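Each residue of the sequence shown is one higher than the one before, counting from 1241 in the working numbering.
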Amino acid sequence: MPKDLRRAATIARLTEEFRFTGRGGEMYMTAGVAALPLATQRLIMDTVQLPGEFGPDNNPYFEGDFQAMTVHGHRVFWKIDYYPPDDDPSRDPDPADPAAVKRVLTIMLAEEY
């Protein structure tokens, strides 16, 4: 496997682990998602934590950091951004190194993107 693909596979594995456990980052929902009924919010959160179906349209870099889905008729996106673990803007996060990155998952309605 080429080095770039190995790195992407490592990032995808760490990203999936974060989605499943919440460890290594923070999770947020936008105002649009927060305005939905609690049962719908819970279903969206549960769906985000399922193994994703990734393809070229939603995973061009093979890192598993974005997905689009429909839940109870609502088109929902989630995305993961990477930040330095101490929020120091002078440092570059390394998504392949759990000690050098904080993942931030944002769940939003498609129209909020």
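Backbone N, C-alpha and C fix where the C-beta goes; we use that ideal spot for every residue, glycine too. Values in this document were obtained by computation on a predicted structure and should not be read as measured data.
- Counting the other CB atoms within 10 Å of its CB gives residue 1295 a total below 16, which places it among the exposed residues.
- In this structure the stretch 1329 to 1343 does not lie against the stretch 1279 to 1293, because fewer than three pairs of beta carbons, one per stretch, are closer than 8 Å.
- For residue 1290, there is no enclosing beta strand (DSSP E), as DSSP marks it with neither H nor E.
- A direct Cα-Cα distance of roughly 11 Å separates residue 1336 from residue 1342.
- A Cβ-Cβ distance of about 5 Å is found for the pair residue 1303 and residue 1248, placing them in contact under the 8 Å criterion.
- With contacts defined as CB atoms closer than 8 Å, residue 1307 and residue 1260 fail to qualify as a contacting pair.
- Apart from the 5 residues on each side of it in sequence, residue 1252 sits with its Cβ closer than 7 Å to the Cβ of 1302, 1303 and 1304 in its chain, given in chain order.
- Our two residues, residue 1273 and residue 1321, have alpha carbons roughly 18 Å apart in a direct line.
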